[in-house]
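*Asks:* Submitted below is the structure of interest, expressed as structure tokens.
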Amino acid sequence: MQQPLAPNVWDVQQTSWSNNDMPPRECAREDSSVSNPRRCSQFTFRHLSQMASCIPSSPLRVVAHIDLDCFYAQVEMVRLGIAEDTPFAVQQWQGLIAVNYPARSYGIGRHCTITEAKKLCPKLITQHVATWREADGKWAYREDPQVATDKVCLDPYRSESRKILVLIKELLPHGLQRVEKASIDEVFLDLSAHVHAILLERFPELLSPQPHRDLSELLPLPPISDLDWQADTLVDAGDSDNKTLAILDPDWDDVAFYVASGIVRHLRSSIKEKLGYTCSAGIARNKLLSKLGSSYKKPNQQTVIRNRAVAHFLSGVKFTKIRNLGGKLGEQVSRAFNTDSIPDLLTVPIEQMKVKLGDETAIWLYNTLRGVDMSEVNPRIQIKSMLSAKSFRPTLTTIDQAVRWLRIFAADIFSRLVEEGVLEHRRHPKTINLHYRPLGGQARSRSCPIPQGRALDDGTLFDLAKTLLTHIVQDGNVWPCAGLSLSVGSFEDSVSAIVCEHNLLKT
Ligand code: CTP
Ligand code: CA
Ligand code: CA
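Per full-length UniProt numbering, the sequence shown runs over residues 1 to 507.
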């Protein structure tokens, strides 16, 4: 019997792989004709070496996406000590913003109001999000949250999000990790370099080819014919022969995903054990597919989309689930080609797509439909600006009221700068902007530079905001005030950054 990969594929040092009983296999060079293609791997030593530097075009690339299950709901349940099987939801005013899986089984979703949800499940427990309050300038979980006087505070979720990120980074080997925080409850991991190290450790035959050979030489086939995928959801390759072949005769991409799946399983169980949260994950060759994989089976599951399963997997994916195709672009595409089925869109030639969508979008769409995505997992903190805002109903009528909100905005922005680790990375925002919307009048903004060269704190942000407000008030025609927003920006000109996803969260 062949030895399956050890269940603990995590620790490179401790795990050994015995393949002494395996017969040696001969391999042809990449450019010579191979009569039996299954005698050799389809990958070369060059492909293998590309893994070490996480090259996005490497055919052996391994990317994982981890997404927390019903994140805000889990944070509140852990904080309050609520049992996992209790139907539970997080409330914001009269709506729900996170619903746990037991509550979802009653048909409760984010679309429900609190009244509708309680009708569907009378034993539903809810917790209102914490709020900042004009009168006391601090955030707290309150008995009587009011939209007129309060502003939603997401600090508890940001702080848990940061703990999860820190834990993931601690668990991955330092020199080999590449972690991108994609949102408050998601990360992408490029595991290629890490998996590469494990493969070389376990399979000495993968160490560089003999001196007289070159990197274009094909790798020997993996000395293994039975990968035990444990509790993973393994996406079907669609064709039963192909599937049997993959299970009985895997190539190195399958083994790489297998190793990655062990790493991800370990991360997920550590997050559960240390912080109490379940999450779901996708493992595939790029960000596009791994993200689709993590939402394929939820909660508390992980899905592997092997390269041979990509076409079949995508043919069953709802077009609008793909990033960027959920909104206007998706509508434009389905109108242009009269379909939103991926198999139908695969028949559209690239030239026709270019005519309808322009070159750049057409190339992106053409590749996306085929599961091609070369975008890098980018560990840099991608924050370009941060904004804290509030619409006022009833409106504000005095400068004192407005100043009290500025204190809250400054505290809110400052705590996010800290939580996101921006200040640790010596990336200080360089400008501050106050946007002012009088009722029925012309909105206006004022900006000024943030003094550099000394530590930034909420007091400094507040003082600058107050000065900006004074200037706006001096211009006249400001009351009553229907909306205020404070933002900081210009973090680093060189970073092609994406605006932090929380920027537009307003109460
Ligand atoms: N969120 C929100 N408003 C939205 C979308 C998301 O407030 N329109 C918050 C949710 O409360 C959520 C968190 O952001 O807990 C992460 O969102 P998402 O991953 O989309 O949903 P989850 O609630 O985590 O549920 P799932 O298990 O489906 O990932
Ligand atoms: Ca989630
Ligand atoms: Ca998410």
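C-beta: ideal position from N, C-alpha, C; glycine also. Because the structure is a prediction, the values reported are computed rather than measured.
Between K291, N286, Q302 and K297, which lies nearest to S269 when the distance is taken from Cα to Cα?
*Replies:* Q302
*Asks:* In terms of residues, what are the limits of the alpha helix (DSSP H) holding S294?
*Replies:* K287 to S294 is the span of the alpha helix (DSSP H), which, as asked, contains S294.
*Asks:* Answer yes or no: do D69 and K291 have a C-beta to C-beta separation smaller than 8 Å?
*Replies:* no
*Asks:* Touching or not, the region 174–192 and the region 367–381, by the rule of three or more beta carbon pairs under 8 Å?
*Replies:* Yes, since at least three Cβ pairs between the region 174–192 and the region 367–381 fall closer than 8 Å, the two stretches touch.
*Asks:* Could you have a look at H428 and say whether DSSP puts it in helix, strand or coil?
*Replies:* coil
*Asks:* Excluding the 5 residues flanking R29 on each side, which residues of the same chain have their C-beta closer than 6 Å to its C-beta?
*Replies:* Low local confidence applies: a pLDDT of 43 at R29 is under 50, so the model's placement there is unreliable, with the coordinate-based value given in what follows. Cβ neighbours of R29 beyond the five flanking positions: E217.
*Asks:* Over what stretch of residues does the alpha helix (DSSP H) that includes residue 515 continue unbroken?
*Replies:* In the structure as shown, the chain begins at 1 and stops at 507. Residue 515 is therefore absent and cannot be evaluated.
*Asks:* In whole angstroms, what separates the C-alpha of F491 from that of V348?
*Replies:* 42 Å
*Asks:* Flag D67 as yes when its Cβ comes closer than 7 Å to any non-hydrogen atom of ligand 3, and as no otherwise.
*Replies:* yes
*Asks:* Check the C-beta distance from Q127 over to L96 and give it rounded, since I have them as a contact under 8 Å.
*Replies:* The pair is not a contact, with the Cβ atoms about 11 Å apart (cut-off 8 Å).
*Asks:* In whole angstroms, give me the CA-to-CA distance for N307 and D254.
*Replies:* Roughly 8 Å separates the two Cα atoms.
*Asks:* Quick check: the region 419–435 against the region 446–464, are there 3 or more CB pairs under 8 Å?
*Replies:* yes
*Asks:* Compute the beta-carbon to beta-carbon distance between T131 and V152, rounded to the nearest angstrom, for a pair I have assumed lies under 8 Å.
*Replies:* For a cut-off of 8 Å, the C-beta gap from T131 to V152 is around 6 Å, short enough to register as a contact.
*Asks:* Distance, Cα to Cα, L325 vs L365?
*Replies:* 9 Å
*Asks:* Which residue comes first and which comes last in the beta strand (DSSP E) that contains F188?
*Replies:* E186 to D190
*Asks:* For S49 versus L215, is the C-beta distance shorter than 8 Å?
*Replies:* Cβ atoms of S49 and L215: closer than 8 Å.
*Asks:* Tell me which residue opens and which closes the beta strand (DSSP E) that Q302 is part of.
*Replies:* Q302 to V304
*Asks:* On a Cα-Cα basis, can you pick out the residue from Y72, R46 and D67 that is closest to R61?
*Replies:* R46
*Asks:* Can you tell me which of the three DSSP states Y101 falls into?
*Replies:* helix
*Asks:* Report the option in E420, G421 and A402 whose CA atom is closest to the CA atom of H435.
*Replies:* For the residues E420, G421 and A402, the minimum Cα distance to H435 belongs to A402.
*Asks:* Applying the criterion that 16 or more other CB atoms from any shown protein chain within 10 Å of the CB defines a buried residue, is V355 buried or exposed?
*Replies:* exposed
*Asks:* F188: beta carbon under 7 Å from a heavy atom of ligand 2?
*Replies:* no
*Asks:* Is it true that the CB of L314 sits closer than 8 Å to the CB of D369?
*Replies:* It should be noted that the sequence gives Leu, not Asp, for residue 369. Contact: yes.
*Asks:* How far does the beta strand (DSSP E) with L486 in it reach, from first residue to last?
*Replies:* C481 to G489
*Asks:* Tell me which same chain residues have a C-beta within less than 8 Å of the C-beta of D251, skipping the five on either side of it?
*Replies:* Beyond the five residues adjoining it in sequence on each side, D251 comes within less than 8 Å, by CB distance, of S41, Q42, F43, L221 and P222 in the same chain, given in chain order.
*Asks:* What do you reckon, are the CB atoms on V422 and I450 nearer than 8 Å?
*Replies:* no
*Asks:* Quick check on the burial criterion: 16 or more other C-beta atoms within 10 angstroms. Buried or exposed for P122?
*Replies:* exposed
*Asks:* Let's see if you can read the secondary structure: which residues bound the alpha helix (DSSP H) around P379?
*Replies:* Note, P379: premise wrong, no alpha helix (DSSP H); not H, not E.
*Asks:* With a 10 Å radius around its C-beta and 16 neighbouring C-beta atoms as the bar for buried, classify S192 as buried or exposed.
*Replies:* buried
*Asks:* Hey, out of V478, R39, S388 and D136, whose CA is closest to S225's CA?
*Replies:* Among V478, R39, S388 and D136, the Cα nearest to that of S225 is on R39.
*Asks:* Taking buried to mean at least 16 other C-beta atoms within 10 Å of its own C-beta, is I108 buried or exposed?
*Replies:* buried
*Asks:* Please go through the same chain and pick out, in chain order, the residues whose beta-carbon is closer than 8 Å to the beta-carbon of Y142, but skip the five residues on each side of it.
*Replies:* Checking the sequence shown, residue 142 turns out to be Arg, not Tyr. Only H128, A130, T131, R133 and D150 meet the Cβ criterion.
*Asks:* Between which two residues does the beta strand (DSSP E) holding R127 run?
*Replies:* According to the sequence as given, residue 127 is Gln; it is not Arg. Run containing Q127: I125 to H128, per the beta strand (DSSP E) assignment.
*Asks:* Taking only heavy atoms of ligand 3 into account, decide whether any of them is closer than 7 Å to the Cβ of S183.
*Replies:* yes
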